[in-house]
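K.L.:
Read in order, the letters of the sequence shown are residues 1 to 277 in the UniProt record's numbering.
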Amino acid sequence: MNYVSYRGQHGFWAALIYASLSAGCAQDPAVRQPDAVAELRSASVVGYLPFQTLPDSRALVPPPPADGSEAFALDMDYSRRSVVLCDSPAWRLAVSDAYLMFPHAAGTFSCALNAPITEADTPHLYLLLRKTLIDAGLSTYAAKNYYRRGRPFASNKEPICTPAEQGRLEENGSYPSAHGAIGMTWALILAELSPGQTEEILARGRAFGLSRIVCNVHWYSDAIQGRNMASATVAKLHANPAFLADFKAAKAELDAVHRRGLKPQRACKSEAAAVAL
């Protein structure tokens, strides 16, 4: 499978992210925004897992909650409580979390790790995150394409945090959440790489999936089943020799970065406040 890569200058992406964060809930849909799933279509990087060996989400996740069920009532409750977070720190973090392109996405767990993740400092880890993004994201599509679940914004008519993507999201099934799968896949891998920060890493992985609820583009059950697909993806990865080789190299890189005392390149206090929400 072929994908399209976003490898523009870091400053270009930073400017786009800043514009989205500054605009808050009343963003102009005409404002150019990077495609949140562009990295899934990268021509230069493919995942570790051949397409036919990906976890089968159609077999692994149950049907989405039915209207009138207790589970759907919980989905609705999370949705109602999340839309009021518009323009909050959690909303601004959700805008940032929406964009999966690199190098921006590489820094998602920098604060949790208390270390930068860059192509220069940790090239094997940087590539590992890009490749596992593809594996985790694609693992959700068998169920997404089968159930074609509608998005929360289609029901509640409230704004989403990346309005330029609304047309694509309307055509893409909500269940399970690819972002949720990606965030927790990264968290599980990074917790193995840096076990001393397991709690912070896993909390950030959960927040990454919940950002999609804050964005008003996923239901709570979408995020939960995304986490389940992350567990299945990581299990498959641990049987893949190429992944294991990169994992070993990435651990050495991360250990070296910690020994050198390099610090994250993100506003970690602000992020911690948003994660707490």
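C-beta atoms are modelled at their ideal positions from N, C-alpha and C, and glycine is treated no differently.
Within 10 angstroms of the Cβ of lysine 144, are there 16 or more other Cβ atoms? Answer buried if so, exposed if not.
P.N.:
Lysine 144 should be labelled buried.
K.L.:
Is aspartate 28 buried or exposed, if buried means 16 or more other CB atoms sit within 10 Å of its CB?
P.N.:
Low confidence applies to aspartate 28: its pLDDT is 41, below 50, so where it sits in the model is not reliable enough to give any reading.
K.L.:
For glycine 137, tell me which candidate among Glu271, Arg260, Gly47, Cys111 has the shortest Cα-Cα distance.
P.N.:
Of the candidates Glu271, Arg260, Gly47, Cys111, the one whose C-alpha sits nearest the C-alpha of glycine 137 is Gly47.
K.L.:
Applying the criterion that 16 or more other CB atoms from any shown protein chain within 10 Å of the CB defines a buried residue, is arginine 32 buried or exposed?
P.N.:
For arginine 32, the predicted model reports a pLDDT of 39, less than 50, meaning its position is unreliable; a value from the coordinates is still stated below. Under this definition arginine 32 is an exposed residue.
K.L.:
Quick check on this structure: which residue in Ala154, Arg149, Phe51, Ser231 has the alpha carbon closest to the alpha carbon of proline 65?
P.N.:
Considering only alpha carbons, the answer is Arg149.
K.L.:
Run the CB neighbour count on aspartate 97, radius 10 Å, all protein chains shown included, and call it buried at 16 or more, exposed below.
P.N.:
Its Cβ being crowded by 16 or more others within 10 Å, aspartate 97 is buried.
K.L.:
In whole angstroms, what separates the C-alpha of isoleucine 117 from that of glutamine 265?
P.N.:
C-alpha separation (whole angstroms): 9 angstroms.
K.L.:
Leucine 125 and alanine 250: beta carbons closer than 8 angstroms?
P.N.:
Yes.
K.L.:
DSSP three-state label for proline 65, please.
P.N.:
Proline 65: coil per DSSP, three-state reduction.
K.L.:
Going along the chain, which residues of its own chain have a beta-carbon closer than 7 angstroms to the beta-carbon of alanine 115, five neighbours each way excluded?
P.N.:
Counting only Cβ-Cβ distances below 7 angstroms, and skipping sequence neighbours, we find Leu254, Val257, His258, Leu262, Pro264.
K.L.:
So valine 275 packs on alanine 207, CB below 8 angstroms; how close in whole Å?
P.N.:
Confirmed, Cβ separation roughly 4 angstroms.
K.L.:
Is it true that the CB of proline 89 sits closer than 8 angstroms to the CB of serine 270?
P.N.:
Yes, they are a contact pair.
K.L.:
Using CA atoms only, rank isn't needed, just tell me which of Asp75, Asp135, Ala73, Cys86 is closest to methionine 184.
P.N.:
When only C-alpha atoms are compared, the closest one is Asp135.
K.L.:
Run through DSSP, which three-state label would serine 22 get?
P.N.:
Because the pLDDT of serine 22 is 46, which lies under 50, any placement of that residue in the model is unreliable, and the number read from its coordinates should be weighed accordingly. Serine 22: helix per DSSP, three-state reduction.
K.L.:
If we count the other Cβ atoms within 10 Å of its Cβ and call it buried at 16 or more, is aspartate 222 buried or exposed?
P.N.:
By the 10 Å Cβ count, aspartate 222 comes out buried.
K.L.:
Give me the residue from Trp91, Val83, Gln197, Ala239 with the minimum Cα distance to serine 155.
P.N.:
Measuring from the Cα of serine 155, the nearest candidate turns out to be Val83.
K.L.:
Here's the rule: buried if 16 or more other CB atoms are within 10 angstroms of the residue's CB, otherwise exposed. What is aspartate 246?
P.N.:
By the 10 Å Cβ count, aspartate 246 comes out buried.
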